[in-house]
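Visitor: One structure, pasted below without further comment.
Protein chains in written order, with the numbering used here: chain V, 1 to 730; chain D, 1001 to 1512.
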């Protein structure tokens, strides 16, 4: 577990970032600069960045981040804009004009109407569209929620339900479908509603914890101090406690809110983002970011606070000596342009992984540098665990895992350490098989790419199985499948179903007979994998076949010296695979045989075969026969295996080869092997120069093979037999 | 019992002699390396050896490679074994008055083989010891104490019970394996790797036993047999407990029994001093000179840390630490430390090359500590798993069958439990004994043949008591079985074999 080991890890493919940072933003950003813009708005329901100008609104789709995306425009009427959101079917634009009025704009018909509230008693804090069956839009007012249905025919909102509550401010994210309403003097009493397609869930009221600085002062919680975070399909609420300098986390369940512990903070301004289920806590003042993986129970950060890196920023001046390497800047102060400032005051963080520089009208997307993260951590099993959970860059995570494992073995780290690492990979694979995400990832056509709206739905379905307990999330997943993209979803489940069946079928097949089909399907998978190497894997899981192809086999080629270490590692792999009930392919068994034979450990090899550690298959049997050239006992094991597998034809041929042609004949008769030419047996008997045996073989065929007596073969060997006999008597 | 009539101590004679020694008149005594009973006058000892030598010289004329196997005299059988060139072991047993032979040459020869290979494992080859000390005193002292300790296991009351027809469904010189599931096997292998990696970078070997059955070995087949045999004799839980239970009895025997008194290291007083020790070793020095007696019983016990300890190898000079036993591996010719660890029914034997541990006992105990740290959890788990899966003493009993299954390639055998074999009648056992003798004759003949092919063999005998006595030999694997109270047709008998073969031998014996 030394530092040295981690630094010597191979950097796979990409430029090494030397652990300077673990998260980065990639140049160029999306430029959303339009003339006369009236500010930038983010519609997280549709993942749209909106920039209204005089009488039109520009919108950029940012669901799939592409800096070159051009805006689409819609014309709207002029006027003040407090908030603007497209309906989830993007047919209607809703614009909050004031504390009392929301205007609706039908994009097709250009018809418009306004919804107003009672000005004296209430004011509108905000609104959002939902995919609930009961209502289309929720309006948050100071005195509660209005759940309304949008009626395009009558050009009005129909009030479905109201939830009466005092609201100081609110927080909502579309990915969680959760609205949190703050009330009370300190704004630390919260009511929550999850408005999903299935139903509307009211969370129990809960209070946030706030430390007091002095006896009499009571800090007031502000909206920017609360984040709703969705990771691994679980919903957390994070609350900044400025006095205690802590970030409290709460996990939200359907019927409970449970405090989870606190994270330290080092800045008065804190923001949270989620990239690929990793929580990024931006310490804005300190200009550093801390990464947390909330999957495990530990609240320990993945690594130390490090600055955010701006990648690929072209330096206009100077530093020609660095030009070979891509110039990178991790420090805003040095950068030559205002664009390159990280954690500027004008940064607005958007859910889940975007940041908008409102001053410069730039949109950046956060990314994780998996390489840097894995290089900076010496606890290999935990880093593998972390990488296995990555879905966004699953392929890169997978390559890193393979590389790390390879290195581990090549460095001959202690077997228990490697065993632990391998166990992580195997159980992750087993899990992905159970949830079908492994095979799903191999399908060329991915629902993920079918549209911006779907990405949310897809990710959540994958995770639904992973965290069955999180009831809240389960319902969101259902929401997506039912309303948003029902067509895609059904197609998707179909796929899932099929692939699962195929797998089960394959493994069952293999139980009894060594079916080549199943094997070839595996081979197909792995080749498929290499074809779409950089593509849309959703899981970093590593199959036994890949373990063989990308870890054990290359390691075997590279490793020098005693192969028993590698045998020990493979045994640990078998151990893990056996515990997880994962089938191991014959190629690995073949490798074990080769390794043992290299050391001439024939006795152990015998034990392995007898105890069925090497599961019987034709490949294994053939390797035993091959290795048995130097050791007859091993050869016999191979022969016995062929016989036990019912490969009668091969068995008989090999018996004849070994000179046991009479036994072979008896066996052939018993198991009705009739595909072998009589001449094979006759020739063997002839070579042994035993006339009695030759006569016996000849007799066998004349008795049991109809028409044999009239063949040229019969005549030939009959003549030979006569000659043998006459020479003996003479 | 076959020996019951007149099996006094003189009913057996066992001698070891070296044909390269004492070839001049007057020096005949020099060739005797060991003789039992040692009280026999030299003239009688020389008579036995002279006869043997004469026959060996005579038969070598015809068969230089494999001289005399045995002599069948009217009242005695002589079984020969040449473990090292020109070193001969001869066992003489008395014949009974029965018409059927009660002895089987091969079974007796296996005893000789076992004595020799165990001796070599602990003390090295006889020839090497002779070269080290040409006077012969050293080797005589070692052989004497070693074989007397060995023979004591055959002693029941005052009689020696050598393997007779009653043991025809047993095979000495093979190991008995525990059948385990794949899952358990993988875990065992995982443990084996941990054990062997415990001693830094040197290749170690290991042997794991559950009860008296072998679970795993990384040694060569010959070394496996030797260590397995020793473990079953002295180390396994049964061996340890039988030692303690009969402890008081043997102590008594030490005073009472004539034979046991002889097992003292000191040679019998009737011997000329120059015979068992060269004259330059005075009795005082003799006491200081420590002859390691690995087979001495009741000397092993389980220590607090789970390791088995013994004072047989003495203590390290100036300390109270018992010296770790050492053994010589046949395959590599390397001397190894033998560390045995026991947890309930599980016995682990770890063999560490002496050359790899420069600082002696200190180094060994460091390795032992390392093993405990790395493996104790695994050991616990495996013991539990194997105990759960074990069917007990009669686990390998097959109802209706009394069988012996020998895999000659792997030196593995499995047989009906001894308690079940004893239910067979004497007739059945005698018939089986005879059948085995015949089969071995046939096998030996085939071995002499130039052909490398292993012949199949099938014999089915209806014995006097209407039992079926069956033998099948197929490509290195042998199956012997006795079916009493069985149907009288041959078809029935062969069906029974077929069924057994398919069920318990993966169809090895039902090929046609």
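Cβ coordinates follow ideal geometry from the N, Cα and C atoms, glycine included. Small disclaimer: the values here were computed from a predicted structure and weren't measured.
Would residue 1506 of chain D pass as an interface residue toward chain V - the criterion being a Cβ-Cβ separation below 8 Å?
Guide: Position 506 of the second chain holds residue 1506 of chain D. True, the Cβ-Cβ gap to chain V drops below 8 Å.
Visitor: With residue 1217 of chain D as the anchor, note down where its alpha helix (DSSP H) starts and where it stops.
Guide: Residue 1217 of chain D sits at position 217 when you count from the first residue of the second chain. Looking at the DSSP string, residue 1217 of chain D is not in any alpha helix (DSSP H); the run it does join, the beta strand (DSSP E), is 1213-1217.
Visitor: The alpha helix (DSSP H) spanning residue 434 of chain V covers which residue range?
Guide: Your numbering for residue 434 of chain V matches position 434 in the first chain. 415-434 is the extent of the alpha helix (DSSP H) around residue 434 of chain V.
Visitor: Using a Cβ-Cβ cutoff of less than 6 Å, which residues in the same chain neighbour residue 1481 of chain D once the five nearest sequence positions on both sides are dropped?
Guide: Position 481 of the second chain, counted from the first residue, corresponds to residue 1481 of chain D. If we look at residue 1481 of chain D and ignore the five residues flanking it on each side, its Cβ neighbours are 1401, 1403, 1470.
Visitor: What is the rounded straight-line gap between the Cα of residue 632 of chain V and the Cα of residue 1097 of chain D?
Guide: Locating residue 632 of chain V in the first chain gives position 632, counting from the first residue. Locating residue 1097 of chain D in the second chain gives position 97, counting from the first residue. Those two C-alpha atoms are separated by around 44 Å.
Visitor: Along the stretch 1172-1183 of chain D, where does the CB come closer than 9 Å to a CB of chain V? Name the residues.
Guide: Within the stretch 1172-1183 of chain D, the residues whose Cβ lies closer than 9 Å to some Cβ of chain V are 1177, 1179, 1180, 1181, 1182, 1183, listed in chain order.
Visitor: Quick check on DSSP: helix, strand or coil for residue 1400 of chain D?
Guide: As a position in the second chain, residue 1400 of chain D is number 400, starting the count at 1. Residue state, collapsed to three classes: coil.
Visitor: For residue 295 of chain V, name the three-state secondary structure that DSSP assigns.
Guide: Counting from 1 along the first chain, the entry for residue 295 of chain V is found at position 295. Residue 295 of chain V falls in the coil class under three-state DSSP.
Visitor: I need the boundaries of the alpha helix (DSSP H) containing residue 310 of chain V, first residue and last residue.
Guide: The residue labelled residue 310 of chain V in the question sits at position 310 within the first chain. Where residue 310 of chain V is concerned, there is no enclosing alpha helix (DSSP H), although the beta strand (DSSP E) it sits in stretches over 309-311.
Visitor: So, are the CB atoms of residue 93 of chain V and residue 124 of chain V less than 8 Å apart?
Guide: Translated into the one-based positions of the first chain, residue 93 of chain V becomes position 93. Translated into the one-based positions of the first chain, residue 124 of chain V becomes position 124. Going by beta carbons, residue 93 of chain V and residue 124 of chain V fall outside the 8 Å limit.
Visitor: Go ahead and label residue 132 of chain V buried or exposed: buried means 16 or more other beta carbons lie within 10 angstroms of its beta carbon, across all protein chains shown.
Guide: Counting from one through the first chain, the residue named residue 132 of chain V turns up at place 132. Classification for residue 132 of chain V: buried.
Visitor: Distance check for residue 637 of chain V and residue 1308 of chain D, CA to CA, integer angstroms please.
Guide: Within the second chain, residue 1308 of chain D is the residue found at index 308, counting from 1. Within the first chain, residue 637 of chain V is the residue found at index 637, counting from 1. Taking the straight line from one Cα to the other gives about 36 Å.
Visitor: Using a cut-off of 7 Å between C-beta atoms, extract the partners of residue 604 of chain V located in chain D.
Guide: Here residue 604 of chain V refers to the residue found at position 604 when the first chain is read from its first residue. Ordered by position in chain D, the residues that pass the 7 Å Cβ test against residue 604 of chain V are 1218.
Visitor: Starting from residue 651 of chain V, trace the beta strand (DSSP E) both ways and give me its first and last residue.
Guide: Translated into the one-based positions of the first chain, residue 651 of chain V becomes position 651. It is not in any beta strand (DSSP E) - residue 651 of chain V instead sits in the alpha helix (DSSP H) that spans 648-657.
Visitor: Ordered along the chain, which non-local residues of its own chain (more than five positions away) have a Cβ less than 7 Å from that of residue 1462 of chain D?
Guide: The count along the second chain starts at 1 and reaches residue 1462 of chain D at position 462. Within the same chain, residue 1462 of chain D has close Cβ partners 1468.
Visitor: Relative to chain D, which residues along the stretch 570-581 of chain V have a C-beta separation below 7 Å, given in chain order?
Guide: Within the stretch 570-581 of chain V, those residues whose Cβ lies closer than 7 Å to any Cβ of chain D are, in chain order, 571, 572, 574, 575, 578.
Visitor: Interface residues of chain V around residue 1476 of chain D at Cβ under 9 Å?
Guide: As a working note, residue 1476 of chain D is residue 476 in the second chain. The answer, in chain order, is 632, 633, 636.
Visitor: Locate the beta strand (DSSP E) running through residue 640 of chain V, then write down its first and last residues.
Guide: Along the first chain, one-based indexing puts residue 640 of chain V at 640. Where residue 640 of chain V is concerned, there is no enclosing beta strand (DSSP E), although the alpha helix (DSSP H) it sits in stretches over 632-644.
Visitor: Would you mind listing the beta strand (DSSP E) stretches within the stretch 342-378 of chain V that are 3+ residues and don't spill past its ends, in chain order?
Guide: 347-350, 354-357, 362-368
Visitor: With a cut-off of 8 Å, do at least 3 Cβ pairs link the stretch 574-581 of chain V to the stretch 552-559 of chain V?
Guide: no
Visitor: I'd like the ranges of any alpha helix (DSSP H) spanning at least 4 consecutive residues and lying wholly in the stretch 1323-1376 of chain D.
Guide: none
Visitor: Is there a C-beta anywhere in chain V that falls below 8 Å from the one on residue 1016 of chain D?
Guide: Working through the second chain from its first residue, we reach residue 1016 of chain D at position 16. Answer no: the Cβ-Cβ gap between residue 1016 of chain D and chain V never drops below 8 Å.
Visitor: Need the endpoints of the alpha helix (DSSP H) that residue 1115 of chain D sits in, please.
Guide: Numbered from its first residue, the second chain carries residue 1115 of chain D at position 115. For residue 1115 of chain D, the enclosing alpha helix (DSSP H) starts and ends at 1105-1123.
Visitor: Could you say if the stretch 1435-1447 of chain D and the stretch 1097-1115 of chain D meet the contact criterion of at least three C-beta pairs nearer than 8 Å?
Guide: The stretch 1435-1447 of chain D vs the stretch 1097-1115 of chain D: in contact.
Visitor: Could you tell me the alpha carbon to alpha carbon distance between residue 272 of chain V and residue 118 of chain V, rounded to whole angstroms?
Guide: Along the first chain, read from residue 1 onward, the residue named residue 272 of chain V stands at position 272. Along the first chain, read from residue 1 onward, the residue named residue 118 of chain V stands at position 118. Roughly 36 Å separates the two Cα atoms.
Visitor: Suppose contacts are defined by Cβ-Cβ distances below 8 Å. Is residue 291 of chain V in contact with residue 231 of chain V by that definition?
Guide: For the purposes of this step, residue 291 of chain V is identified with residue 291 of the first chain, where counting begins at 1. For the purposes of this step, residue 231 of chain V is identified with residue 231 of the first chain, where counting begins at 1. No, these two residues do not count as a Cβ contact at 8 Å.
Visitor: For residue 106 of chain V, which of V:61, V:82, V:153, V:139 has the nearest alpha-carbon?
Guide: Numbered from 1 along the first chain, position 106 holds the residue referred to as residue 106 of chain V. Cα-wise, what sits closest to residue 106 of chain V is V:153.
Visitor: Check whether chain V comes within 8 Å of residue 1375 of chain D, counting only Cβ atoms and requiring the distance to be less than that.
Guide: As a working mapping, residue 1375 of chain D is identified with position 375 in the second chain. No, residue 1375 of chain D lies away from the interface with chain V (no Cβ there is under 8 Å from its Cβ).
Visitor: Using CA atoms only, rank isn't needed, just tell me which of D:1384, D:1510, D:1073, D:1210 is closest to residue 1236 of chain D.
Guide: One-based indexing of the second chain puts residue 1236 of chain D at position 236. Of the listed residues, the one whose Cα sits closest to residue 1236 of chain D is D:1210.
Visitor: Classify residue 1054 of chain D: buried if its beta carbon has 16 or more other beta carbons within 10 angstroms, exposed otherwise.
Guide: Against the second chain, residue 1054 of chain D aligns to sequence position 54. By the 10 Å Cβ count, residue 1054 of chain D comes out exposed.
Visitor: Within 8 Å, do at least three Cβ pairs link the stretch 671-680 of chain V to the stretch 642-651 of chain V?
Guide: yes
Visitor: Flag residue 1224 of chain D as yes if its beta-carbon sits less than 8 Å from any beta-carbon of chain V, otherwise no.
Guide: Counted from its first residue, the second chain places residue 1224 of chain D at position 224. Answer yes: the Cβ-Cβ gap between residue 1224 of chain D and chain V drops below 8 Å somewhere.
Visitor: Does residue 163 of chain V come out as helix, strand or coil in the three-state DSSP assignment?
Guide: Locating residue 163 of chain V in the first chain gives position 163, counting from the first residue. In the structure shown, residue 163 of chain V sits in a strand (DSSP, three-state: E or B).
Visitor: Distance check for residue 377 of chain V and residue 388 of chain V, CA to CA, integer angstroms please.
Guide: If you number the first chain from 1, residue 388 of chain V lands on position 388. If you number the first chain from 1, residue 377 of chain V lands on position 377. Looking at the two C-alpha atoms, the distance is approximately 15 Å.
Visitor: Roughly how many angstroms separate the alpha carbons of residue 572 of chain V and residue 426 of chain V, rounded to a whole number?
Guide: Taking the first residue of the first chain as 1, we reach residue 572 of chain V at position 572. Taking the first residue of the first chain as 1, we reach residue 426 of chain V at position 426. C-alpha separation (whole angstroms): 11 Å.
Visitor: Can you tell which of D:1127, D:1323, D:1425 has its C-alpha closest to the C-alpha of residue 1338 of chain D?
Guide: Indexing the second chain from 1 puts residue 1338 of chain D at position 338. It is D:1323 whose Cα lies nearest to the Cα of residue 1338 of chain D.
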